[in-house]
Amino acid sequence: MTASPLLEVSGLKMHFDAGRKKAVKAVDGVSFHIQRGETFGLVGESGCGKSTLGRVILRLYDPTAGSVSYEGTDIHRAAPDQRSVLFRKLQMIFQDPYASLNPRLTVREIIMEPMEIHNLYNTRKARLMMADELLEAVGLHPDFGSRYPHEFSGGQRQRIGIARALSLHPEFIVADEPISALDVSVQAQVVNLLKRLQKEKGLTFLFIAHDLSMVKHISDRIGVMYLGRMMEITESAALYKEPLHPYTKALLSSIPIPDPLLEDKRERIILKGELPSPVNPPSGCVFRTRCPEAMELCGKVTPELEEVKTGRFVACHLYKKES
Ligand code: SF4
């Protein structure tokens with residue numbers, strides 16, 4: 001028997017007013033779930049709605065329609081006492097660690113700040129000890145605690161951001177492009193750190209990225225978004241081995257292969273045109289204006305996300321549900 005999901009997103013829509021009775025449909029009817037201890041990779045070009053989705057999950061926005069449940073509680077309709085518990089349990093790691101760290105505070109103060117706001121631990125001494133413990137947990141020497149953010153490299157600053165996110169002992173972390181701003185050599189170190197912390201602290205991650213190479217080594221399952229809608233959800237290994245949706249295939253074909261012989265031989269799918277405006281998305285399948293396999297039906301009927309093989313969900317008319 002499968003356990004109930006930790007997080008369940010159902011029919012979620014997040015539309016922003018664009019004036020003149022128009023709306024930016026940043027998220028437009030997305031459903032998926034995340035199991036406890038899982039890392040769900042959420043991928044798509046910038047402007048596809050993935051960061052907005054992450055922010056709705058963290059209650060930074062109230063959705064236009066649909067719901068987000070955490071352990072069975074609708075997080076946008078939770079009672080005030082439940083809200084502060086949820087706030088502690090759900091935390092975020094940002095893309096740009098420097099912009100998210102207060103330059104006037106020392107690293108130790110940055111990590112202690114959320115504990116003070118939420119009255120965690122009775123004494124300052126206990127908070128100081130916890131801050132040092134968190135610095136060590138993210139691979140930084142506690143002596144660094146008295147320094148300021150500008151004294152650190154990008155990778156070290158992201159470690160500080162991770163320590164701060166951990167300061168309230170969260171269960172679920174939205175990591176919004178946490179490695180995109182880092183040098184390639186540092187990206188793997190941060191991914192490995194997140195994997196280790198997940199194991200040690202039993203964390204669950206929503207890991208947002210703009211390309212498939214970044215989520216490959218951390219995700220158990222991956223959701224591919226395009227223009228506010230989910231195109232494909234599948235287990236990570238199956239997605240890299242046999243992508244089904246034409247958009248997933250295009251994203252995958254754009255990842256460079258380190259072997260020059262294989263790189264020369266492989267076929268690259270170049271998507272034509274730009275991402276259409278979410279104010280006026282194409283009719284039918286939103287991907288149809290750039291899809292190399294589009295057919296007449298695609299402009300008329302919106303394909304629903306359906307399980308086309310066991311554990312493989314695809315929104316595309318090319319696939320029929322297996323009976
Ligand atoms: Fe392409 Fe049509 Fe499938 Fe959309 S539904 S991805 S346009 S083939």
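In case it helps, UniProt numbering puts the sequence shown at residues 1 to 323. All C-beta atoms, glycine included, are put in the ideal place defined by N, C-alpha and C.
Use the C-beta contact count for residue i: other C-beta atoms within 10 angstroms, 16 or more gives buried, fewer gives exposed.
| i | result |
| --- | --- |
| residue 380 | The displayed coordinates of the chain run from 1 to 323. Any statement about residue 380 would go beyond what the structure contains. |
| Arg127 | buried |
| Ser283 | exposed |
| Pro256 | exposed |
| Arg124 | exposed |
| Gly41 | buried |
| Leu134 | buried |
| His150 | exposed |
| Ala99 | exposed |
| Pro292 | exposed |
| Ser323 | The pLDDT assigned to Ser323 is 47, lower than 50, so where the model puts this residue is not dependable; a value taken from the coordinates is nonetheless given after this. It counts as exposed. |
| Met295 | exposed |
| His245 | buried |
| Lys50 | buried |
| Ala3 | exposed |
| Gly19 | exposed |
| Leu7 | buried |
| Gly273 | exposed |
| Asp17 | exposed |
| Ile57 | buried |
Just verifying my parser: in three-state terms, what is the DSSP assignment at residue i?
| i | result |
| --- | --- |
| Lys25 | strand |
| Thr234 | strand |
| Leu128 | helix |
| Arg290 | coil |
| Ser323 | Confidence at Ser323 is low in this model, with a pLDDT of 47, below 50, so its placement is unreliable and the value that follows should be read with caution. If DSSP states are grouped into helix, strand and coil, Ser323 belongs with coil. |
| Thr52 | helix |
| Ile269 | coil |
| Gln91 | strand |
| Ala163 | helix |
| Gly284 | coil |
| Thr248 | helix |
| Phe144 | helix |
| Arg221 | strand |
| Asp74 | strand |
| Ala3 | coil |
| Val138 | coil |
Quick one: what's residue i bridged to in DSSP?
| i | result |
| --- | --- |
| Ala65 | Lys13 |
| His33 | Glu8 |
| Tyr226 | Arg229 |
| Ala209 | Val43 |
| Glu307 | Phe313 |
| Tyr98 | Tyr98 pairs with nothing; no bridge assigned. |
With a Cβ-Cβ cutoff of 8 Å, do residue i and residue j count as a contact?
| i | j | result |
| --- | --- | --- |
| residue 372 | Gly154 | Outside the shown range of the chain (1 to 323) lies residue 372, about which nothing can therefore be said. |
| Ala163 | Ala188 | no |
| Thr52 | Val68 | no |
| Ile34 | Pro5 | yes |
| Gly299 | Arg290 | no |
| Gly66 | Lys25 | no |
| Tyr226 | Val314 | no |
| Val30 | Val43 | no |
| Ser254 | Glu267 | no |
| Ile111 | Leu101 | no |
| Arg221 | Glu38 | yes |
| Leu140 | Gln156 | yes |
| Pro103 | Tyr148 | yes |
| Gly47 | Leu275 | yes |
| Pro170 | Arg88 | yes |
| Leu168 | His118 | yes |
| Gly161 | Pro97 | yes |
Is there contact between the region 69-84 and the region 215-234, where contact requires at least three CB pairs shorter than 8 Å? Short answer: they don't touch.
At least 3 beta-carbon pairs within less than 8 Å: the region 198-216 vs the region 279-293: Contact fails: fewer than three Cβ-Cβ distances are below 8 Å.
Report yes or no: do three or more beta-carbon pairs, one from the region 165-178 and one from the region 86-93, lie closer than 8 Å? In this structure the region 165-178 lies against the region 86-93, because at least three pairs of beta carbons, one per stretch, are closer than 8 Å.
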